[in-house]
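Q: Those sequence lines, one after another, are chains A, B and C.
Position 374 of the first sequence, counted from 1, bears residue number 374 in this note's numbering, the numbering being contiguous throughout.
Every number in this note's numbering is 379 more than the matching position in the second sequence, counting from 1.
Every number in this note's numbering is 645 more than the matching position in the third sequence, counting from 1.
Right, I'll just put the structure down here and ask away after.
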Amino acid sequence: MDFNPTKEQEMVRKMVRKFAETEIKPIAAEIDEQAIYPYATMKRAAELGLMGMPFPKKYGGSETDYISYVTAIEELSRVCGSHGVIVQTHCALCTWPILTYGTEEQKNKYLPDLCTGKKLGAFGLTEPNAGTDAAGQETTAVDMGDHWLINGTKIFISGGGIADVYVIMAMTDKSKGNRGITSFIIEKGTPGFYSPKHEKKMGIRGSIASELVFEDCKIPKENMLGKLGKGFKTAMTSLDVGRLGIAAQALGIAQGAFDETVEYMKNRKQFGKSLDKFQALAFEMANMYNQIEMSRLLLYKAADRRSQGLPSTLEAAQAKLACSETAMYVTTKAVQFHGGYGYIKDYPIERMMRDAKITEIYEGTSEVMKMVIAGSVFK
Amino acid sequence: MKIIVCAKQVPDTNEIKINPETGTLMRDGVPSILNPDDANALEMALEIKDNNPDTEITVISMGPPQAKVMLEECIALGADKCILISDRAVGGSDTWATSNAIAAAVRKLDGFDLIIAGRQAIDGDTAQVGPQTAEKLDIPQVTYVKEYKFSDDMKSVEVKRALEDGYQIIDVKLPCMLTAIKELNTPRYMTVDGIMRACDPNLEIKVWGAADIEVDLDKVGLKASPTNVFRSFTPKPKGKGVYIEGDTPKEKSQNLVTGLKAKHII
Amino acid sequence: MATVNFDEYKNIWVFAEQRKGKLMNVAYELLGEGYNLSRELGDGCKVCALIVGKDIGGLAEECFAYGADKVYTIDDDLLEVYTTDGYTKVVTEAINEFKPEIVLYGATFIGRDLAPRCAARLDAGLTADCTHLNVRVKNYIDYAEKNTTLNTESLDPEDPAKNLLMTRPAFGGNLMATIVCPTTRPQMSTVRPGVMDKLEKREGATGEIVKIKCELSKDDIRTTVKEVVKAAKELVNLIDAEIIVSGGRGVKNADGFEVIRNLADCVGGVVGASRAAVDSGWIEGSHQVGQTGTTVKPKIYIACGISGAIQHQVGMQTSDIIIAINKDNDCPMMHLADYALEGDLFKVIPELIAEWN
């Protein structure tokens, strides 16, 4: 057991921190305020290699380990949670399932552009009537002999309308429940595929979430991803990877809010002394610091298990639960310690608090994480 | 084209603080960085390589073994290979002695077309090692380079050299030494692929001692250096000034101007 | 290193840099400093100007007027514009021939190109960017006690040594170091422009002029200067300004500098800036005051929204009067200031302009 970062992990942190501080921090408030997708900085992130980190070199990836990968998302999220989730969704929920379940033809067709960030990936599972209970899928895919015909609606899809490649789940056999779900690859611009409505969100407003609508959308037969009826497994295993990314996003938001608060407390004076001299506040900061570090250890353990190819469903759920709850706890306290300044948009703290909340919800709510963990405890 | 970049690992002087009680430098926890002007020098080399893929970039540094970390970052930025001159025998070298060591190391390499150095390092701010190395290698130099354009045959380079009140356009044949200023370019970031290359166990940063560079021991190190530190100290903190009283900006402004007039400052 | 016979080395030389037939300000400053040092050294030590260029004979008179005892000139068509190779050759040959004990260069963009090249050729020690010079230990002790935290107990005021004690900032101005060249001659240093004081002009002063024969051929010069361009914009003359109004991070953006300009116009000053403001692209680099910018010592320095990083302080702390306007009463600049005005610069400055008028 070695708790020291490797050279690779250290260098990734340094590089992404510098990039994030220099290029992303100055625009973070604006993309939040106006809810605009950060095309320019995401293009730069792609050029630096952040869109294909843990994937094989033969498909355009860099073959980093998963701790480096989560470190990159953590550092992006430290200044902007939107950037963090864009990278994570693309990598874990689109690139990863194509790599893992795709045919060689599909991999050669999609992965080089995804790993280099020339194309952006997205993932469609959630529907108006199928949230946590993903088996309630109402989107259907019908085998028409020479093509599949897709009909239905997905909601809250990160990158919807922006992304170029979508991995979506649809019912191919309603009678089989989860085993009747199959996954497909759908490209932007396919006739009958629209994303009409962008959601107006509370946080991560630079990451666009949209509705996806399929109206008699014809897709080629070869776009089925994985085996017929195995879509639920594709989705669940992808979410195991996704939870590492969301945990990293949450951890980054917590760290960002914490770092801002440390600086603020050193400089803000009340009653003739700086805030860090008030023990009640300083002790709470000590707790926050500990929470962040504990969450980080869980996350890196989960990421390390994935690097080693060990089962990590439980560990990813533990990491996501811990990191997202830490993010909520730390950002809420950070706003409190900033007082009135924490509540206005001159400081990034209120944005961080809004961004933090989603990490307890998407890619499995905290309750789902507890189901996974409890399931392991009482198996 | 073969390019040598001279780089130094320096403490980030923006992060250095003075202990108010003892008046000594607090260097603990101060990060070590690639000297900023040297980052501009490396960026120029990388730009040349972007446009001429057969370019080979070798970064040379002198310093303690820890400077390897900075050289690994140079690899992650895109340099091809790195050499660290590290030996007790060269420790404590002043700029003259440092240039002897660097020139000796350059002579051990398989030739070069261009050497690029940063104008100066932020720890010493001397701007002397570049020109002194050029002199020891008997090649022409242009310092304070802010723009450049190679001739079509890549045998000479036209550079814009900054002056306090303008610039000179200077044409110089290769091989030569150029020193870079921050206006020259914006250094790029490391890339993930670059980092993976820097972490490749097959890539080894060469560490050369005095024997490897075959330098005369009476030309390097503390004893050989013509300049010595006689004393070092921190500037004296100034006495407390006057705090301008007043409840409003207007009142404070009035009090300030009144105060200045009373002392006949204005 | 060859041992040198110190007795052969006499006098203080100042490389009196000229551009287009006009002496740089720093040349006068160095003559002033060289004059003082030569008198401290005694034994008939002279301060001598070395003027290199084309048709520069007329500048000798200027040098005498500002303190030179003797002037050496090297005049040649090939020396019309500065080239590293041309100037290094003639300067090092002159030094080898006349053996000055001390050579001072201005730490200009040219002086800092020439001096190290000469030092390497002469195998002599060179100290960069000096801000204080002494030759007598006694005077050095006086300087140190007045301005620094140096414990001077180990120094002997009666010390007969006459080595040049060259003091300069290091680590971005966080530390000062005094450098000596005990084993080589000449002792050389580049000196920061704007730091030393020039003497009162002595109209009509004269002295000996030595014309050094120039043996330079075209082949000696490996660079071609195709053009010398003066910046189209008027040079920001921070060095000569009596009042400087500087803006820093607190100015917030490029538009914010309008407020700084207004105050500068009102008080008849020049606009300066901190590195943070320049690096953020709010104002051009030519306005930058500090270690990496210009060193200034105006009568009044008004720092607006500048927290006072050490590297900025180094460039302005010797100003006669420092006024700081800052929201943070505890920042270093407010401590450094003679007058500290706590407040939002955008609210204070308009009021200050009204009051000043």
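By construction, the Cβ of each residue, glycine as well, lies at the ideal position given by its N, Cα and C atoms.
All values reported here derive from a predicted model rather than from experimental measurement.
Bridge partners of glutamate 435 of chain B, per DSSP?
A: Bridge partners of glutamate 435 of chain B: B:Lys381.
Q: Pull up the distance between the alpha-carbon of valine 870 of chain C and that of alanine 541 of chain B, whole angstroms please.
A: Rounded to the nearest angstrom, the two C-alpha atoms are 13 angstroms apart.
Q: Any C-beta of chain A sitting closer than 7 angstroms to the C-beta of threonine 565 of chain B?
A: Not an interface residue.
Q: What's the gap between the Cα of serine 207 of chain A and the Cα of arginine 906 of chain C?
A: Computed Cα separation, rounded: 41 angstroms.
Q: Less than 7 angstroms between C-beta atoms, sequence neighbours within five positions excluded: which residues of the same chain meet that for phenylalanine 651 of chain C?
A: Arg830.
Q: Just to confirm the assignment, what range does the alpha helix (DSSP H) spanning proline 644 of chain C have?
A: Residue 644 of chain C lies beyond the stretch modelled for chain C, which goes from 646 to 1002, so this question has no answer here.
Q: Which residues in chain B have a C-beta closer than 7 angstroms to the C-beta of glycine 49 of chain A? List them in chain order.
A: Here the neighbours are Thr570, Val571, Asp572.
Q: Which parts of the segment 556 to 596 of chain B are runs of the alpha helix (DSSP H), unbroken and 4 residues or longer, counting only runs that do not cross its ends?
A: Counting only runs of 4 or more, we get 571 to 577, 589 to 592.
Q: With a cut-off of 7 angstroms, does the C-beta of methionine 341 of chain B fall near any C-beta of chain A?
A: Lying outside 380 to 645, the shown extent of chain B, residue 341 of chain B is not represented and no answer is given.
Q: Please report the distance separating the alpha-carbon of isoleucine 24 of chain A from that of histidine 83 of chain A.
A: Spanning the two alpha carbons is a distance of roughly 8 angstroms.
Q: On the criterion of 16 or more Cβ atoms from any shown chain inside 10 Å, does isoleucine 467 of chain B qualify as buried, or is it exposed?
A: A quick correction: the sequence has arginine, not isoleucine, at residue 467 of chain B. The residue in question, arginine 467 of chain B, is exposed, as its Cβ has fewer than 16 Cβ neighbours within 10 Å.
Q: Can you check whether the C-beta of glutamate 543 of chain B is within less than 7 angstroms of a C-beta belonging to chain C?
A: Chain C, which has a Cβ nearer than 7 angstroms to the Cβ of glutamate 543 of chain B, makes this yes.
Q: If we cut at 7 angstroms on Cβ distances, does arginine 762 of chain C have a partner in chain B?
A: So, interface residue.
Q: Do you know whose CA, among A:Ile27, A:Ser68, A:Gln34, A:Asp32, lies nearest glutamate 10 of chain A's CA?
A: With distances taken between Cα atoms, glutamate 10 of chain A lies closest to A:Ser68.
Q: Just by C-beta distance, which residues in the segment 10 to 21 of chain A are closer than 7 angstroms to chain B?
A: Cβ contacts with chain B come from Met11, Val12, Met15, Lys18, Phe19.
Q: What is the residue span of the beta strand (DSSP E) that valine 636 of chain B lies within?
A: Where valine 636 of chain B is concerned, there is no enclosing beta strand (DSSP E), although the alpha helix (DSSP H) it sits in stretches over 628 to 641.
Q: Determine the burial state of valine 87 of chain A: buried for a count of at least 16 other Cβ atoms within 10 Å of its Cβ, exposed for fewer.
A: Valine 87 of chain A is buried by the Cβ-count criterion.
Q: Do you know whose CA, among A:Lys7, A:Ile361, A:Phe232, lies nearest alanine 247 of chain A's CA?
A: Taking only the C-alpha atoms, the option nearest alanine 247 of chain A is A:Ile361.
Q: In whole angstroms, what separates the C-alpha of glutamate 452 of chain B from that of leucine 413 of chain B?
A: If you take the alpha carbons of glutamate 452 of chain B and leucine 413 of chain B, they lie about 8 angstroms apart.
Q: Run through DSSP, which three-state label would tryptophan 1001 of chain C get?
A: Tryptophan 1001 of chain C: helix per DSSP, three-state reduction.
Q: Since threonine 613 of chain B is in the alpha helix (DSSP H), which residue starts that stretch and which ends it?
A: Element bounds for threonine 613 of chain B: n/a, residue is neither H nor E.
Q: Given this structure, state the Cα-to-Cα distance separating leucine 767 of chain C from threonine 392 of chain B, to the nearest angstrom.
A: The straight-line gap from Cα to Cα measures roughly 32 angstroms.
Q: Does any residue of chain A have a CB that is nearer than 7 angstroms to the CB of cysteine 578 of chain B?
A: Yes - at least one Cβ of chain A is within 7 angstroms of the one on cysteine 578 of chain B.
Q: What would DSSP say about methionine 646 of chain C, mapped onto helix, strand or coil?
A: Note that methionine 646 of chain C scores a pLDDT of 47, beneath 50, so its modelled location is shaky and nothing firm can be said.
Q: Can the beta-carbon of glycine 242 of chain A be found closer than 7 angstroms to that of serine 210 of chain A?
A: Cβ distance not < 7 angstroms, so glycine 242 of chain A and serine 210 of chain A don't count as in contact.
Q: Tell me, which residues are paired with histidine 198 of chain A by DSSP?
A: In the DSSP output, where bridge partners are listed per residue, histidine 198 of chain A has A:Ser210.
Q: Report the option in A:Ala334, A:Leu244, A:Lys201 whose CA atom is closest to the CA atom of lysine 301 of chain A.
A: Selected option, being the one with the closest Cα: A:Leu244.
Q: Using 7 angstroms as the limit for Cβ to Cβ distance, is alanine 418 of chain B near chain A?
A: False, the Cβ-Cβ gap to chain A never drops below 7 angstroms.
Q: How about alanine 484 of chain B and isoleucine 439 of chain B: do their beta carbons lie closer than 7 angstroms?
A: Going by C-beta atoms, alanine 484 of chain B is nearer than 7 angstroms to isoleucine 439 of chain B.
Q: Between the segment 435 to 457 of chain B and chain A, which residues of the former have CB atoms less than 9 angstroms from a CB of the latter, in chain order?
A: If the cut-off is 9 angstroms between Cβ atoms, the segment 435 to 457 of chain B has Val448, Glu451, Glu452, Ala455 near chain A.
Q: Short of 7 angstroms Cβ to Cβ, which residues in the segment 55 to 80 of chain A face chain B?
A: Of all residues in the segment 55 to 80 of chain A, Ser62, Glu63, Thr64 have a Cβ within less than 7 angstroms of some Cβ in chain B.
Q: Cβ of valine 241 of chain A less than 7 angstroms from any chain B Cβ?
A: For valine 241 of chain A, the answer is no, since every Cβ of chain B falls outside 7 angstroms of its Cβ.
Q: When DSSP labels each residue in this structure, what does threonine 753 of chain C get in the three-state scheme?
A: Coil, per DSSP.
Q: Compare the C-beta of lysine 266 of chain A with all C-beta atoms of chain B and state if any pair is closer than 7 angstroms.
A: No, its Cβ sits nowhere closer than 7 angstroms to a Cβ of chain B.
Q: For asparagine 393 of chain B, name the three-state secondary structure that DSSP assigns.
A: Three-state DSSP puts asparagine 393 of chain B in a helix.
Q: On the three-state DSSP scale, how would you describe tyrosine 673 of chain C?
A: Helix, per DSSP.
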